[in-house]
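Before any comments, here is the structure.
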Amino acid sequence: MSDRDQRDAAFAAHKREQRRRALAMTPAERLAWLEQMLDELGHLRGLARRPAAGPTTAA
Numbered sequence: 778m779s780d781r782d783q784r785d786a787a788f789a790a791h792k793r794e795q796r797r798r799a800l801a802m803t804p805a806e807r808l809a810w811l812e813q814m815l816d817e818l819g820h821l822r823g824l825a826r827r828p829a830a831g832p833t834t835a836a
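In structure tokens, the structure reads:
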């Protein structure tokens, strides 16, 4: 089995496990997961809006 085939198989197994977990969630767990994802998205958007950290040029 090639390296690529191994990676593809591992990824497929990972996606199957994600789907299994998602289907096993209760509605309350789904809501909590969604709220967490939205919080993380908001955090990432905030990071994207900030200027990059680095040396500044003061004139």
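Each residue of the sequence shown is one higher than the one before, counting from 778 in the numbering used here.
We put the beta carbon where it would ideally sit given N, CA and C, even for glycine.
All values derive from a computational prediction rather than experimental measurement.
From residue 786 to residue 795, what distance separates their C-alpha atoms?
Residue numbering aside, residue 786 sits at position 9 when the sequence shown is read from its first letter. Residue numbering aside, residue 795 sits at position 18 when the sequence shown is read from its first letter. One C-alpha to the other measures close to 14 angstroms.
Along the chain, where does the alpha helix (DSSP H) that runs through residue 827 open and close?
Position 50 of the sequence shown, counted from the start, is the residue given in the question as residue 827. Where residue 827 is concerned, there is no enclosing alpha helix (DSSP H), given that its DSSP letter is neither H nor E.
DSSP-derived helix/strand/coil call for residue 814:
Position 37 of the sequence shown, counted from the first residue, corresponds to residue 814. Reduced to three states, the DSSP call for residue 814 is helix.
Quick one: is residue 806 near chain B, going by C-beta distance under 9 angstroms?
Given the protein chain composition of this structure (a single chain), no chain B is represented.
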